[in-house]
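Numbered per our numbering, the sequence shown spans residues 61 to 179. Accompanying notes for the structure given below.
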Amino acid sequence: MKCFFHPEVPAIGVCKYCQRGLCLDCAAIVDDVVACKHRHENEVQQLGQLAARNLFQSKRVSSAYMRNAIFYGLVGVLFAGFGLVQYRFLGLQAMFFMMIGLFLLYAAGANYFEGRKHK
Ligand SMILES: [Zn+2]
Ligand SMILES: [Zn+2]
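What follows is the structure, given as structure tokens:
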């Protein structure tokens with residue numbers, strides 16, 4: 061491949077933004093990637109920042125799911141345990157607590173698996 065701006069000079073890299081071949085004079089290194097010097101340096105830098113931000117966001121989403129899973133799990137165990145202990149005294153009402161507990165445990169599991177997917 062030859063440089064897009066100097067057809068007689070062999071290219072040493074390709075701009076990440078416009079995919080053109082670049083010689084040593086035309087190439088600029090931005091965050092370890094090649095960009096057209098004075099043309100697409102900013103664009104390539106923004107591309108890199110965008111990718112980094114996406115990575116950060118998916119990590120944040122994953123930890124949010126894990127937090128939810130722990131929260132639902134704890135509250136679910138609390139409700140289910142309460143219903144179990146109170147069953148003798150409350151009867152049907154205790155069943156209601158157990159149902160809520162089971163539902164919360166289910167939500168905890170769903171959040172846990174959703175969080176794993178985002179890792
Ligand atoms: Zn060139
Ligand atoms: Zn370019």
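Glycine is no exception: its CB is placed at the ideal position from the N, C-alpha and C atoms.
Asked, Found
"Taking the straight line between their C-alpha atoms, what separation do you get for ALA167 and ARG127?", "12 Å"
"Compute every distance between the C-beta of HIS100 and the non-hydrogen atoms of ligand 1, then say whether any falls below 8 Å.", "no"
"Can you name the start and end residues of the alpha helix (DSSP H) that ALA88 belongs to?", "Careful: ALA88 lies outside any alpha helix (DSSP H), inside the beta strand (DSSP E) at 87–90."
"Comparing alpha-carbon positions, which option in PHE65, HIS66, VAL94, ARG176 lies nearest VAL43?", "Only positions 61 to 179 of the chain appear in the structure, and residue 43 is not among them; the question remains open."
"Between LEU165 and chain D, is any beta-carbon pair separated by less than 9 Å?", "Absence of chain D from the displayed structure is noted, only one protein chain being present."
"Which one of GLY161, PHE157, GLN109, TYR77 has the shortest CA to CA distance from LEU134?", "GLY161"
"Which residues share a DSSP beta bridge with VAL93?", "VAL90"
"Hey, would you say the C-beta of CYS75 is under 8 Å away from at least one heavy atom of ligand 2?", "yes"
"When DSSP labels each residue in this structure, what does LYS62 get in the three-state scheme?", "strand"
"Given a cut-off of 9 Å, decide if GLY175 and ALA124 are closer than it, judged by their beta-carbon atoms.", "yes"
"Output yes or no for whether 9 Å exceeds the beta carbon distance between GLN105 and VAL90.", "yes"
"Is GLY136 buried or exposed, if buried means 16 or more other CB atoms sit within 10 Å of its CB?", "buried"
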